[in-house]
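Q: In this note's numbering, the protein residues as written are 436 to 1058. The beta carbon of each residue, even a glycine, is placed where N, CA and C say it ideally should be. Keep in mind that this is a model prediction, so the values were computed, not measured. Take a look at this one; I'll ask things after.
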């Protein structure tokens, strides 16, 4: 997307932001090519047609390729409001297209940031404080400096953190020297371990709420006269999560003659350019950013740390290019994490089993404040932050008395944008609790949602579709059970049903059905791939992932202690794409939010065990 003068990709916004703009640009270019051809051929523009990369005169049969006409066309006036082709006349859009990058990826062609190779290249890595924001109290670099291949050790002092960059003749030499740096780091400014961190969240949950993001009806009155047997309540919790991109953080940089050139797998080129210029004390126009493909982003590569560190190390490399690669451990322990969160939900259930009132309070630290501290520390975030409660306050449900409030937790562990952001945890809270309402009110989870969605036909159609696909209304096969969840996020309406089998001792995910309404489906193949990958991302986190703290430091270091779903555990998927929504929705993140609650709800249906905190592997084993 390109908004506020910032170029970047995130928030499932690329197509939503760019589609109409690109269509107008293409339609304008076509008219300008026609105008140039009309002038060249001496024919009226109405007698020309465009096809297969060329303009042809219908009567004269004169033709010229777009390339031959391009220079003349560029001089033509740009049409103000070109007519766009109607959907009925689309030739490529709406149909799956072959990906142009597949061959390069499957043959290991050098397309990612970590593949960059430049003449005379040096190599580097970083060792940053294992306690976020802490500076070294003392350090001994002598062993590292004497390590074979090391050229110099560079102190790094940035808005992202403090530590050392190592410049060496090979990546391996840099990695080995990194192990020899001896430093004592200042104590953490935040609670030192997971139990103390959890207490901060619980204290926030027990304290005053912030301004409600949704406050329909009168929740307090609705609960005041509620019979006790009609009130249910539940507390939920989720941990910090890492992005764990398959390609660890890296960037290459060359600083020469006062100019910086970067080769960076990043999601935010313009801010990368701006902050790297600032770090080196040069003008933004003296920085060139080459954005490579990314081996996983998920929001992590919207950060600037890996680019800034490369720029600072390159400044000390006497004009030579430097490739700076993080170890997997450095990556896992220096992320901008998905925040931990806790929630308290309460409902009053009517005689018909439907909720008369729902009150939700969600405690979590601020993603926006954390991002601003790292990127623009002199600016203050403005207004209420929807990230704290998105996925809960903004769902398409009619409940007469419906309140969702944030409770800001004062934790300064770096948190950032993680695939689907606040929806990733709030959907788990919200959809798990709707399932609890259904169980307590003896209503079917699908029927409950359809009743609450009667004013939201797009949502109801998605829920009905996934129910039909999964055979929801017929009994699940013996030894299996199903759970469902729905989430509206980034303009995409998604319902998922998960079928599990096994026992309380070992649960297996057999199948996942996904129905998604994206308004306009431009490439169904890519939409299906994104929905499945989003669900797998969400299932990995739901089943087994957590970031924990001890002594102010992240305890996990690599995939053995931060597992992802393996192929052998991966279920079969069936996807349906609907186009009822009036606006185009995003796709990249929307498969993630319903995955965790649908799985937890399926486990409840199978075992009767209601799990209210993630990861689920604390309570059940997965086959």
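(1) In this structure, how does DSSP classify residue 806 when only helix, strand and coil are distinguished?
(2) Check whether the segment 476-490 and the segment 499-515 touch, using three or more Cβ-Cβ pairs below 8 Å as the test.
(3) Please classify residue 866 as buried or exposed, where buried requires at least 16 neighbouring CB atoms within 10 angstroms.
(4) Just to confirm, are residue 563 and residue 677 a CB contact at a threshold of 8 Å?
(5) Please go through the segment 860-926 and give each complete beta strand (DSSP E) segment of 3 or more residues, from N-terminal end onward.
(6) Do you know how far the Cα of residue 811 is from the Cα of residue 872?
(7) Please identify the residue among 612, 450 and 597 whose C-alpha is closest to the C-alpha of residue 604.
(8) Restricting to Cα atoms, I'd like to know which of 972, 521 and 610 is closest to residue 579.
(9) What ranges does the alpha helix (DSSP H) occupy inside the segment 588-646, keeping only unbroken runs of at least 4 residues that lie completely in it?
(10) Which residues in the same chain have their Cβ closer than 7 Å to the Cβ of residue 824, if we skip the five residues on either side of it in sequence?
(11) Taking the CB atoms as reference points, tell me whether residue 897 and residue 950 lie closer together than 8 Å.
(12) In terms of residue numbering, what span does the alpha helix (DSSP H) encompassing residue 456 cover?
(13) Please name the residue in 732, 698 and 714 whose C-alpha comes closest to that of residue 743.
(14) Could you tell me if residue 619 is buried or exposed, where buried requires 16 or more neighbouring beta carbons within 10 angstroms of its beta carbon?
(15) Residue 864 and residue 780 - do their beta-carbons sit closer together than 8 Å?
(16) Return yes when the Cβ of residue 1006 is within less than 8 Å of the Cβ of residue 947, no when it is not.
(17) To the nearest angstrom, how far is it from the Cα of residue 587 to the Cα of residue 1037?
(18) Could you pull out every residue in the same chain whose Cβ sits closer than 6 Å to the Cβ of residue 589, ignoring the five residues on either side in sequence?
(19) Return the CA-CA distance between residue 994 and residue 985, expressed in angstroms with no decimal places.
(20) Taking residue 674 and residue 983 to be in contact with their CB atoms under 8 Å, please state how far apart those CB atoms are, rounded to whole angstroms.
(21) May I ask which residues mark the beginning and end of the alpha helix (DSSP H) holding residue 777?
(22) Which of the three DSSP states, helix, strand or coil, is assigned to residue 991?
(23) On the DSSP letters alone, give me the boundaries of the alpha helix (DSSP H) that residue 689 sits inside.
(24) Along the chain, which unbroken stretches of the alpha helix (DSSP H) at least 4 residues long are found entirely within the segment 695-774?
(25) Looking at the unbroken beta strand (DSSP E) that takes in residue 492, where does it start and where does it end?
(26) What is the rounded straight-line gap between the Cα of residue 979 and the Cα of residue 992?
(27) Within the continuous beta strand (DSSP E) that includes residue 799, where are the two ends?
(28) Using 8 Å as the cut-off, can you tell me whether the segment 691-707 makes contact with the segment 719-739, which would need three or more C-beta pairs spanning the two stretches below that distance?
(29) Are at least three pairs of beta-carbons, each pair with one atom in the segment 876-890 and one in the segment 784-793, less than 8 Å apart?
(30) DSSP state of residue 559, grouped into three classes?
(31) Using 8 Å as the threshold, is the C-beta distance between residue 782 and residue 918 below it?
(32) Hey, quick one: how far does the beta strand (DSSP E) through residue 570 stretch, first residue to last?
(33) Distance check for residue 554 and residue 754, CA to CA, integer angstroms please.
(34) Using only the alpha-carbon positions, how far apart do residue 633 and residue 670 sit?
(35) Per DSSP, what are the beta-bridge partners of residue 984 in this structure?
(36) Provide the residue span of the alpha helix (DSSP H) that contains residue 530, from first to last.
A: Based on what the coordinates show:
(1) As a position in the chain shown, residue 806 is number 371, starting the count at 1. In the structure shown, the three-state DSSP call for residue 806 is helix.
(2) As far as the Cβ criterion goes, the segment 476-490 touches the segment 499-515, which means the pair count is three or higher.
(3) Within the chain shown, residue 866 is the residue found at index 431, counting from 1. Buried is the call here.
(4) In the chain shown, counting from the first residue as 1, residue 563 sits at position 128. In the chain shown, counting from the first residue as 1, residue 677 sits at position 242. Remark: C-beta atoms of residue 563 and residue 677 do not approach each other more closely than 8 Å.
(5) Secondary structure within the segment 860-926: the beta strand (DSSP E) runs of 3 or more consecutive residues, fully enclosed, are 915-924 (chain order).
(6) Counted from its first residue, the chain shown places residue 872 at position 437. Counted from its first residue, the chain shown places residue 811 at position 376. Distance between the alpha carbons of residue 872 and residue 811: 43 Å.
(7) Within the chain shown, the letter at position 169 stands for residue 604. Closest option to residue 604, judged by alpha-carbon separation, among 612, 450 and 597: 612.
(8) Taking the first residue of the chain shown as 1, we reach residue 579 at position 144. Selected option, being the one with the closest Cα: 610.
(9) Within the segment 588-646, the complete alpha helix (DSSP H) runs of at least 4 residues are 606-613 and 629-641.
(10) Taking the chain shown and counting its residues from 1, one reaches residue 824 at position 389. Once the five neighbours on either side are set aside, the close Cβ partners of residue 824 are 648, 797, 839, 841, 857 and 861.
(11) Translated into the one-based positions of the chain shown, residue 897 becomes position 462. Translated into the one-based positions of the chain shown, residue 950 becomes position 515. The Cβ atoms of residue 897 and residue 950 sit closer than 8 Å to each other.
(12) If you number the chain shown from 1, residue 456 lands on position 21. Element bounds for residue 456: 449-476.
(13) Translated into the one-based positions of the chain shown, residue 743 becomes position 308. Of the candidates 732, 698 and 714, the one whose C-alpha sits nearest the C-alpha of residue 743 is 714.
(14) As a position in the chain shown, residue 619 is number 184, starting the count at 1. So residue 619 ends up on the exposed side.
(15) Against the chain shown, residue 780 aligns to sequence position 345. Against the chain shown, residue 864 aligns to sequence position 429. Result yes, Cβ atoms of residue 780 and residue 864 sit closer than 8 Å.
(16) Locating residue 947 in the chain shown gives position 512, where the first residue counts as 1. Locating residue 1006 in the chain shown gives position 571, where the first residue counts as 1. Cβ atoms of residue 947 and residue 1006: closer than 8 Å.
(17) The residue labelled residue 587 in the question sits at position 152 within the chain shown. The residue labelled residue 1037 in the question sits at position 602 within the chain shown. Looking at the two C-alpha atoms, the distance is approximately 55 Å.
(18) Reading the chain shown from its first residue, position 154 is the one you call residue 589. The beta carbon of residue 589 sits closer than 6 Å to those of 600, 748 and 751, all from its chain and outside the five residues before and after it, given in chain order.
(19) Within the chain shown, numbered from 1, the residue matching residue 994 stands at position 559. Within the chain shown, numbered from 1, the residue matching residue 985 stands at position 550. Answer to the nearest angstrom: the Cα atoms are 19 Å apart.
(20) Looking up residue 674 in the chain shown gives position 239. Looking up residue 983 in the chain shown gives position 548. Yes, they are in contact, since the Cβ atoms of residue 674 and residue 983 sit about 7 Å apart, within 8 Å.
(21) Locating residue 777 in the chain shown gives position 342, counting from the first residue. Unbroken run through residue 777 is the beta strand (DSSP E), 776-784; no alpha helix (DSSP H).
(22) In the chain shown, counting from the first residue as 1, residue 991 sits at position 556. In this structure, residue 991 counts as coil in the three-state DSSP scheme.
(23) Mapped onto the chain shown, residue 689 falls at position 254. Counting along the chain, residue 689 falls outside any alpha helix (DSSP H), though it belongs to the beta strand (DSSP E) covering 685-691.
(24) Within the segment 695-774, the runs of alpha helix (DSSP H) at least 4 residues long that lie entirely inside it are, in chain order, 704-715, 740-749 and 763-768.
(25) Residue mapping note: residue 492 aligns to position 57 of the chain shown, counting from 1. Taken as a continuous stretch (DSSP letters only), the beta strand (DSSP E) holding residue 492 covers 489-492.
(26) Locating residue 979 in the chain shown gives position 544, where the first residue counts as 1. Locating residue 992 in the chain shown gives position 557, where the first residue counts as 1. One Cα belongs to residue 979, the other to residue 992, and the distance between them is close to 15 Å.
(27) For this step, residue 799 is matched to residue 364 along the chain shown. Here the beta strand (DSSP E) through residue 799 covers 790-799.
(28) By the Cβ criterion, the segment 691-707 is in contact with the segment 719-739, since at least three pairs of Cβ atoms, one from each stretch, lie closer than 8 Å.
(29) In this structure the segment 876-890 touches the segment 784-793; the number of beta carbon pairs closer than 8 Å is three or more.
(30) Here residue 559 refers to the residue found at position 124 when the chain shown is read from its first residue. If DSSP states are grouped into helix, strand and coil, residue 559 belongs with the strands.
(31) For the purposes of this step, residue 782 is taken as the residue at position 347 of the chain shown. For the purposes of this step, residue 918 is taken as the residue at position 483 of the chain shown. Result no, Cβ atoms of residue 782 and residue 918 do not sit closer than 8 Å.
(32) Indexing the chain shown from 1 puts residue 570 at position 135. Per DSSP, residue 570 lies in no beta strand (DSSP E) and is assigned neither H nor E.
(33) The sequence position of residue 754 within the chain shown is 319, counting from 1. The sequence position of residue 554 within the chain shown is 119, counting from 1. In a straight line, the C-alpha of residue 754 is about 12 Å away from that of residue 554.
(34) Residue mapping note: residue 633 aligns to position 198 of the chain shown, counting from 1. Residue mapping note: residue 670 aligns to position 235 of the chain shown, counting from 1. Answer to the nearest angstrom: the Cα atoms are 13 Å apart.
(35) Here the question's residue 984 lines up with position 549 in the chain shown. Residue 984 pairs with 989.
(36) As a position in the chain shown, residue 530 is number 95, starting the count at 1. Residue 530: not part of any alpha helix (DSSP H); DSSP gives it neither H nor E.
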